[in-house]
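First residue of the sequence shown? That's 18 in the numbering used here, and the numbers climb one at a time after it.
Every residue gets a Cβ at the ideal spot worked out from N, C-alpha and C, and that includes glycine.
See structure below.
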Amino acid sequence: AVQTILDALHLSFKFAHSFNVRLDIRERLKKLGFMRDMKQLPGLLKQEREGICVYFRLLVKLYSTTSSRECAEKLSQVSIDVVTSLQRKEKFLKTPEGGGLGTPKAADPVKVMEFEREVAGLIPLVSDVILGSLMELPNEMFAENCGDWIFPMLCDLILVDDRGIRSKVQQIMSTKVRPILGSSSTPQSSSSTGLPPSS
(Lines of atoms letter the chains of each structure in order from A; the text may use other names.)
(Lines give C-alpha, C1' and ligand atoms only; values in the text may rest on other atoms or scores of the structure.)
Protein backbone atom coordinates (compact mmCIF):
# COMPACT_ATOMS: atom_id res chain seq x y z
CA ALA A 18 0.00 0.00 0.00
CA VAL A 19 2.81 2.41 0.89
CA GLN A 20 4.63 1.65 -2.34
CA THR A 21 1.44 2.38 -4.30
CA ILE A 22 1.19 5.78 -2.62
CA LEU A 23 4.86 6.51 -3.31
CA ASP A 24 4.45 5.55 -6.96
CA ALA A 25 1.39 7.80 -7.30
CA LEU A 26 3.18 10.74 -5.67
CA HIS A 27 6.24 10.22 -7.86
CA LEU A 28 4.11 10.13 -11.00
CA SER A 29 2.22 13.24 -9.86
CA PHE A 30 5.22 15.49 -9.24
CA LYS A 31 7.11 14.19 -12.27
CA PHE A 32 4.13 15.00 -14.51
CA ALA A 33 3.82 18.45 -12.93
CA HIS A 34 7.54 19.07 -13.42
CA SER A 35 7.43 18.04 -17.08
CA PHE A 36 4.64 20.59 -17.62
CA ASN A 37 6.24 23.36 -15.58
CA VAL A 38 9.50 23.32 -17.57
CA ARG A 39 7.59 23.89 -20.83
CA LEU A 40 7.34 27.67 -20.63
CA ASP A 41 6.45 27.81 -24.32
CA ILE A 42 3.31 25.73 -23.79
CA ARG A 43 2.35 27.67 -20.68
CA GLU A 44 2.75 30.99 -22.52
CA ARG A 45 0.60 29.69 -25.37
CA LEU A 46 -2.14 28.63 -22.94
CA LYS A 47 -2.17 32.09 -21.39
CA LYS A 48 -2.41 33.75 -24.79
CA LEU A 49 -5.36 31.49 -25.58
CA GLY A 50 -7.14 32.85 -22.50
CA PHE A 51 -6.34 30.28 -19.81
CA MET A 52 -5.81 32.13 -16.49
CA ARG A 53 -5.80 35.37 -18.47
CA ASP A 54 -6.45 37.55 -15.39
CA MET A 55 -3.42 36.27 -13.47
CA LYS A 56 0.06 37.75 -13.83
CA GLN A 57 1.88 34.42 -13.77
CA LEU A 58 1.71 31.71 -16.38
CA PRO A 59 -0.55 28.68 -15.93
CA GLY A 60 1.43 26.04 -14.08
CA LEU A 61 1.50 23.09 -11.72
CA LEU A 62 4.15 24.44 -9.36
CA LYS A 63 2.09 23.74 -6.24
CA GLN A 64 1.38 20.18 -7.36
CA GLU A 65 5.08 19.62 -8.02
CA ARG A 66 6.27 21.08 -4.69
CA GLU A 67 3.64 19.41 -2.51
CA GLY A 68 4.11 16.10 -4.30
CA ILE A 69 7.85 16.19 -3.62
CA CYS A 70 7.25 17.26 -0.01
CA VAL A 71 4.90 14.37 0.84
CA TYR A 72 6.96 11.87 -1.19
CA PHE A 73 10.20 12.85 0.55
CA ARG A 74 8.77 12.80 4.08
CA LEU A 75 7.13 9.43 3.47
CA LEU A 76 10.41 8.06 2.14
CA VAL A 77 12.27 9.30 5.23
CA LYS A 78 9.79 7.57 7.55
CA LEU A 79 9.98 4.38 5.52
CA TYR A 80 13.77 4.47 5.46
CA SER A 81 13.93 5.11 9.22
CA THR A 82 11.93 1.95 9.90
CA THR A 83 13.24 -0.37 7.18
CA SER A 84 16.81 0.82 6.42
CA SER A 85 15.99 0.04 2.78
CA ARG A 86 18.80 0.93 0.36
CA GLU A 87 16.17 1.54 -2.29
CA CYS A 88 14.64 4.24 -0.08
CA ALA A 89 18.06 5.78 0.51
CA GLU A 90 18.73 5.91 -3.24
CA LYS A 91 15.36 7.57 -3.87
CA LEU A 92 16.03 10.13 -1.13
CA SER A 93 19.38 10.86 -2.72
CA GLN A 94 17.91 11.31 -6.20
CA VAL A 95 15.09 13.63 -5.11
CA SER A 96 17.40 15.74 -2.93
CA ILE A 97 20.00 16.16 -5.65
CA ASP A 98 17.35 16.98 -8.28
CA VAL A 99 15.76 19.69 -6.12
CA VAL A 100 19.08 21.24 -5.05
CA THR A 101 20.37 21.20 -8.64
CA SER A 102 17.19 22.91 -9.82
CA LEU A 103 17.58 25.63 -7.16
CA GLN A 104 21.23 26.20 -8.07
CA ARG A 105 20.51 26.35 -11.80
CA LYS A 106 17.71 28.89 -11.41
CA GLU A 107 19.71 31.07 -9.00
CA LYS A 108 22.64 31.03 -11.41
CA PHE A 109 20.39 32.08 -14.31
CA LEU A 110 18.94 35.00 -12.33
CA LYS A 111 22.48 36.29 -11.66
CA THR A 112 23.52 36.28 -15.32
CA PRO A 113 23.00 39.13 -17.82
CA GLU A 114 20.39 36.96 -19.52
CA GLY A 115 18.52 36.64 -16.26
CA GLY A 116 18.72 40.34 -15.39
CA GLY A 117 21.36 39.94 -12.72
CA LEU A 118 22.73 42.78 -10.62
CA GLY A 119 24.45 45.42 -12.72
CA THR A 120 23.16 44.00 -16.00
CA PRO A 121 20.31 44.98 -18.30
CA LYS A 122 17.01 43.25 -17.68
CA ALA A 123 16.47 40.07 -19.62
CA ALA A 124 14.80 40.10 -23.01
CA ASP A 125 12.48 37.41 -21.66
CA PRO A 126 10.85 38.85 -18.52
CA VAL A 127 8.40 35.94 -18.39
CA LYS A 128 11.23 33.46 -17.83
CA VAL A 129 12.77 35.69 -15.17
CA MET A 130 9.46 36.03 -13.32
CA GLU A 131 8.82 32.29 -13.46
CA PHE A 132 12.31 31.44 -12.22
CA GLU A 133 11.93 33.91 -9.35
CA ARG A 134 8.64 32.23 -8.38
CA GLU A 135 10.20 28.80 -8.60
CA VAL A 136 13.20 29.80 -6.48
CA ALA A 137 10.84 31.21 -3.85
CA GLY A 138 9.05 27.85 -3.78
CA LEU A 139 12.19 25.72 -3.77
CA ILE A 140 13.77 27.49 -0.78
CA PRO A 141 11.33 26.14 1.87
CA LEU A 142 11.37 22.76 0.12
CA VAL A 143 15.14 22.56 0.59
CA SER A 144 15.29 24.19 4.02
CA ASP A 145 12.27 22.74 5.79
CA VAL A 146 11.67 19.44 4.01
CA ILE A 147 15.04 18.12 2.82
CA LEU A 148 17.40 19.63 5.38
CA GLY A 149 14.81 19.45 8.16
CA SER A 150 14.29 15.74 7.51
CA LEU A 151 18.04 15.08 7.41
CA MET A 152 18.41 16.71 10.83
CA GLU A 153 15.84 14.25 12.22
CA LEU A 154 17.34 11.20 10.52
CA PRO A 155 18.86 8.71 13.02
CA ASN A 156 22.60 9.32 13.35
CA GLU A 157 23.55 5.87 12.10
CA MET A 158 21.50 6.27 8.93
CA PHE A 159 22.81 9.78 8.40
CA ALA A 160 26.37 8.48 8.67
CA GLU A 161 25.70 5.68 6.17
CA ASN A 162 24.68 8.22 3.53
CA CYS A 163 26.89 11.15 4.46
CA GLY A 164 29.86 10.40 2.22
CA ASP A 165 27.83 9.24 -0.78
CA TRP A 166 25.53 12.22 -1.26
CA ILE A 167 24.62 14.19 1.87
CA PHE A 168 28.00 15.86 2.43
CA PRO A 169 28.52 16.80 -1.27
CA MET A 170 25.00 18.25 -1.32
CA LEU A 171 25.65 20.28 1.83
CA CYS A 172 28.82 21.68 0.25
CA ASP A 173 26.79 22.77 -2.79
CA LEU A 174 24.20 24.45 -0.57
CA ILE A 175 26.83 26.62 1.10
CA LEU A 176 26.83 28.67 -2.11
CA VAL A 177 23.09 29.39 -2.33
CA ASP A 178 21.77 32.87 -1.63
CA ASP A 179 19.22 32.06 1.05
CA ARG A 180 20.57 32.65 4.54
CA GLY A 181 18.07 30.26 6.11
CA ILE A 182 19.36 27.36 4.02
CA ARG A 183 22.97 28.19 4.87
CA SER A 184 22.04 28.33 8.56
CA LYS A 185 20.46 24.86 8.35
CA VAL A 186 23.59 23.56 6.59
CA GLN A 187 25.72 24.95 9.44
CA GLN A 188 23.52 23.20 12.02
CA ILE A 189 23.76 19.87 10.20
CA MET A 190 27.53 20.22 9.82
CA SER A 191 27.83 20.90 13.55
CA THR A 192 25.37 18.37 14.95
CA LYS A 193 25.44 15.56 12.38
CA VAL A 194 28.66 15.70 10.36
CA ARG A 195 31.11 16.68 13.09
CA PRO A 196 30.43 13.60 15.27
CA ILE A 197 31.14 11.39 12.23
CA LEU A 198 34.58 12.95 11.93
CA GLY A 199 35.26 11.92 15.53
CA SER A 200 38.61 12.84 16.99
CA SER A 201 39.82 14.30 13.71
CA SER A 202 37.55 17.29 14.31
CA THR A 203 39.08 17.96 17.74
CA PRO A 204 42.46 19.71 18.05
CA GLN A 205 45.11 17.47 19.56
CA SER A 206 46.30 18.26 23.06
CA SER A 207 49.91 19.20 23.71
CA SER A 208 50.48 15.90 25.54
CA SER A 209 49.45 13.86 22.51
CA THR A 210 51.56 15.87 20.08
CA GLY A 211 54.67 16.08 22.23
CA LEU A 212 54.72 19.86 21.85
CA PRO A 213 55.00 22.20 24.82
CA PRO A 214 51.78 23.96 25.79
CA SER A 215 51.34 27.46 24.39
CA SER A 216 51.82 30.28 26.84
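Whole alpha helix (DSSP H) elements within the segment 138-182, 4-residue minimum: Counting only runs of 4 or more, we get 149-153, 156-162, 168-174.
Spatial distance of R74 from L61 (CA atoms): R74 and L61 have their alpha carbons spaced roughly 20 Å apart.
With distances taken between CB atoms, is the gap from Q57 to R134 smaller than 9 Å? In contact: Q57 and R134 (Cβ atoms closer than 9 Å).
Could you check what DSSP says for S84 in three-state terms: helix, strand or coil? Three-state result, S84: coil.
What's the C-alpha gap between S150 and C88? So the two alpha carbons sit approximately 14 Å from each other.
Whole-angstrom distance between V186 and N37, CA atom to CA atom: 28 Å
Candidates P169, P59, F30: closest to S93 by CA position: P169
May I ask which residues mark the beginning and end of the alpha helix (DSSP H) holding R43? Segment 40-48, the alpha helix (DSSP H) holding R43.
Beta-carbon within less than 8 Å of S84's beta-carbon, same chain only, minus the 5 sequence neighbours each way: which residues are those? M158.
Residue range of the unbroken alpha helix (DSSP H) whose run includes F30: Run containing F30: 19-37, per the alpha helix (DSSP H) assignment.
Residues in its own chain within less than 8 Å of L142 by CB, not counting five upstream and five downstream? R66, I69, C70, V99
Should C163 go down as buried or exposed, given a rule of 16 or more other Cβ atoms within 10 Å for buried? buried
Report buried or exposed for R86, applying the criterion of at least 16 other Cβ atoms within 10 angstroms of its Cβ. exposed
Tell whether a beta-carbon distance below 9 Å holds between P113 and N156. no
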